[in-house]
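Counting in the UniProt record's numbering, the sequence shown runs from 1 upward without gaps.
A quick write-up on the structure given underneath.
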Amino acid sequence: MNENDKSVRDENSAQEEDEMFERELAEDAQWKRIQQNTFTRWANKHLKCVDKYINDLECDLSDGLNLVALLEVLAQKRLPKHNKKPNFRSQKLENVAVALKFLDDQGIRIVSI
Numbered sequence: 001m002n003e004n005d006k007s008v009r010d011e012n013s014a015q016e017e018d019e020m021f022e023r024e025l026a027e028d029a030q031w032k033r034i035q036q037n038t039f040t041r042w043a044n045k046h047l048k049c050v051d052k053y054i055n056d057l058e059c060d061l062s063d064g065l066n067l068v069a070l071l072e073v074l075a076q077k078r079l080p081k082h083n084k085k086p087n088f089r090s091q092k093l094e095n096v097a098v099a100l101k102f103l104d105d106q107g108i109r110i111v112s113i
């Protein structure tokens, strides 16, 4: 085998690896989209009774208000005091922290978030 053959084989191998990586990324993106859609529909089913709605998980959970509302519906308990109209990032983070602490207090561990 000469150097040219080895170089072509290495290029083909690298190209195959790139194609496989691209396929895996596409499958992963599709799986994530399915998971997001499924969770969004599930959350909206529960939030319906309190007239709340999630359209985009990342945006609509970012201030913690919909997360607090969802937990209150699911637990049928009121969560501790939180910012009802958060304007600042710190207030939004406090709301999310209230929700996460509530889960922890209920013995629910959150992993991989």
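Beta carbons: idealized from backbone N, C-alpha and C, even for Gly.
Fair warning: this is a prediction, and the values are worked out from it, not measured in the lab.
Taking one C-beta from the region 87-95 and one from the region 60-74 each time, how about it: are there three or more such pairs within less than 8 Å?
Output reads yes: the region 60-74 touches the region 87-95.
For residue 111, name the three-state secondary structure that DSSP assigns.
Within the sequence shown, numbered from 1, the residue matching residue 111 stands at position 111. In this structure, residue 111 counts as coil in the three-state DSSP scheme.
Mind reading off the beta-carbon distance from residue 75 to residue 106? Whole number of angstroms is fine, and I expect it under 8 Å.
As a position in the sequence shown, residue 75 is number 75, starting the count at 1. As a position in the sequence shown, residue 106 is number 106, starting the count at 1. Correct: roughly 7 Å between the Cβ atoms.
Quick check: what's the CA-CA separation for residue 52 versus residue 71?
Mapped onto the sequence shown, residue 52 falls at position 52. Mapped onto the sequence shown, residue 71 falls at position 71. Distance between the alpha carbons of residue 52 and residue 71: 12 Å.
Between the Cα of residue 44 and the Cα atoms of 29, 67, 28, 22, which residue gives the shortest distance?
Your numbering for residue 44 matches position 44 in the sequence shown. The residue with the shortest Cα to Cα distance from residue 44 is 67.
Looking at the structure shown, is residue 62 part of a helix, part of a strand, or coil, going by DSSP?
Stepping through the sequence shown from its first residue, residue 62 is reached at position 62. If DSSP states are grouped into helix, strand and coil, residue 62 belongs with coil.
Using the Cα positions of residue 50 and residue 77, report the straight-line distance between them to the nearest angstrom.
For the purposes of this step, residue 50 is taken as the residue at position 50 of the sequence shown. For the purposes of this step, residue 77 is taken as the residue at position 77 of the sequence shown. Approximately 13 Å between the Cα atoms of the pair.
Beta-carbon within less than 6 Å of residue 81's beta-carbon, same chain only, minus the 5 sequence neighbours each way: which residues are those?
Counting from one through the sequence shown, the residue named residue 81 turns up at place 81. If we look at residue 81 and ignore the five residues flanking it on each side, it has no Cβ neighbours.
Would a C-beta distance cut-off of 7 Å place residue 98 and residue 79 closer than the cut-off?
Taking the sequence shown and counting its residues from 1, one reaches residue 98 at position 98. Taking the sequence shown and counting its residues from 1, one reaches residue 79 at position 79. For residue 98 and residue 79, yes; Cβs fall inside 7 Å.
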